[in-house]
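I have placed the structure first, in the form of structure tokens, so that the comments after it can refer back to it.
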Amino acid sequence: MALPRLNTPKYKVKLPSTGKEISMRPFLVKEEKILMIALESQDVEQISEAVKNIIMSCYGLDDLSELTGFDIEYLFLQLRAKSVGEIISLQTKCQDEKCGGVTPLEINIDDIEIINKEQERTLLLDDDSGVGVTLNYPSLESIAKLDLSEESKVIDVIMSLIVECIDTIFDNDNVYDAQSEGKDEILAFLESLSSEQFGKVQRFFQEAPAVYYKQDVSCVKCNNENTIELRGLNNFFT
Ligand SMILES: [Zn+2]
Numbered sequence: 000m001a002l003p004r005l006n007t008p009k010y011k012v013k014l015p016s017t018g019k020e021i022s023m024r025p026f027l028v029k030e031e032k033i034l035m036i037a038l039e040s041q042d043v044e045q046i047s048e049a050v051k052n053i054i055m056s057c058y059g060l061d062d063l064s065e066l067t068g069f070d071i072e073y074l075f076l077q078l079r080a081k082s083v084g085e086i087i088s089l090q091t092k093c094q095d096e097k098c099g100g101v102t103p104l105e106i107n108i109d110d111i112e113i114i115n116k117e118q119e120r121t122l123l124l125d126d127d128s129g130v131g132v133t134l135n136y137p138s139l140e141s142i143a144k145l146d147l148s149e150e151s152k153v154i155d156v157i158m159s160l161i162v163e164c165i166d167t168i169f170d171n172d173n174v175y176d177a178q179s180e181g182k183d184e185i186l187a188f189l190e191s192l193s194s195e196q197f198g199k200v201q202r203f204f205q206e207a208p209a210v211y212y213k214q215d216v217s218c219v220k221c222n223n224e225n226t227i228e229l230r231g232l233n234n235f236f237t
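Have a look at this one:
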């Protein structure tokens, strides 16, 4: 005899980058299992692949290339809220290292916002020559492609991410399509910057829009007020 099938409910979610409404169904046990296995592996590539697949199935999207990283983070949190529950439970460490207190914190996913949504993507690096860059946000693919092995140096990882994200390089007279110039050319451009100019580029990524939550929590052990700031999806699940 055929067993009964359950209807899955539908929800509307607004895409943060464009405000467009899309429809979502919660994930099913079989999908949650894949996600759990990926999370336990702690392998960045496997996790991002699982997150990507589950978002595509549950939002009915064919590919995610048009979405920004913070869209994906937000869609994932909304999916988590409707599938598992609105509350995320975390343990927060006291900011006074000598205390060692660990205080539980419950976060309602509805209270998580997106910070710096209106960030300027054009950076002027030199006033006189008018040299500057426009930057794209890293895609899930470009993050997954990063070489995060022990031997790779942090600066090389940062450099290769920035190379991927430079959209145009311009001066007073011209705009160059960076990606068609080739990666070596972009890298040479980056290496020709002063450290102050390079710092500006790096800051763009540090300040990029992300899912964000801030809350004062008083430590269970010493009673100190700790300000807990969570930024980016990883922070909500560790
Ligand atoms: Zn404490």
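Residues in the sequence shown are numbered from 0 upward in steps of one, following this note's numbering.
We put the CB at the ideal spot given by N, CA and C, even for glycine.
None of the values given here were measured: they were computed from a predicted structure.
Same chain, Cβ closer than 7 Å to residue i, five either side skipped, listed in chain order
i, result
"D166", "T133, L134, N135, A177"
"V168", "In the sequence under discussion, the amino acid at residue 168 is Ile, which differs from the Val named in the question. Same-chain partners within the cutoff: V132, Y175, A177, F188."
"K182", "V162"
"S128", "D170, N171"
"S148", "none"
Residue i CB to nearest heavy atom of ligand 1 below 7 Å
i, result
"D215", "no"
"N6", "no"
"K19", "no"
"D125", "no"
"D166", "no"
"N233", "no"
"A223", "For the record, residue 223 in the displayed sequence is Asn; it is not Ala. Under cutoff, so the answer is yes."
Option in the options with minimal Cα separation from residue i
i, options, result
"Y73", "N225, Y212, S88, S191", "Y212"
"L14", "V28, D70, T7, N52", "D70"
"I46", "A37, E117, P103", "A37"
"L66", "D215, A1, S138, V153", "S138"
"F75", "P3, S64, A49, S151", "A49"
"S56", "G100, F236, K29, M35", "K29"
"C98", "E224, F235, L229", "E224"
Residue i (DSSP reduced to helix, strand or coil)
i, result
"V219", "coil"
"K213", "strand"
"D266", "With the chain running from 0 to 237 in the structure shown, residue 266 is simply not present."
"N225", "strand"
"R230", "strand"
"K9", "coil"
"S16", "coil"
"S193", "coil"
"F169", "strand"
"M0", "coil"
"V50", "helix"
"L83", "At residue 83 the sequence reads Val, which differs from the Leu that was named. Three-state DSSP puts V83 in coil, outside helix and strand."
"D176", "strand"
Proximal residues to residue i (C-beta, below 8 Å), its chain only, five neighbours per side dropped
i, result
"S22", "K9, Y10, K11, V12, Y58, G59"
"V240", "Outside the shown range of the chain, which is 0 to 237, sits residue 240, and nothing can be said about it."
"T7", "R24, P25, L27"
Same chain only: Cβ atoms within 6 Å of residue i, ignoring 5 sequence neighbours per side
i, result
"L123", "G131"
"E206", "N115"
"Q77", "V12"
"S82", "P25, F26"
Whole beta strand (DSSP E) runs in the stretch 90–162 with 3 or more residues, listed along the chain?
101–107, 112–114, 121–125, 130–134
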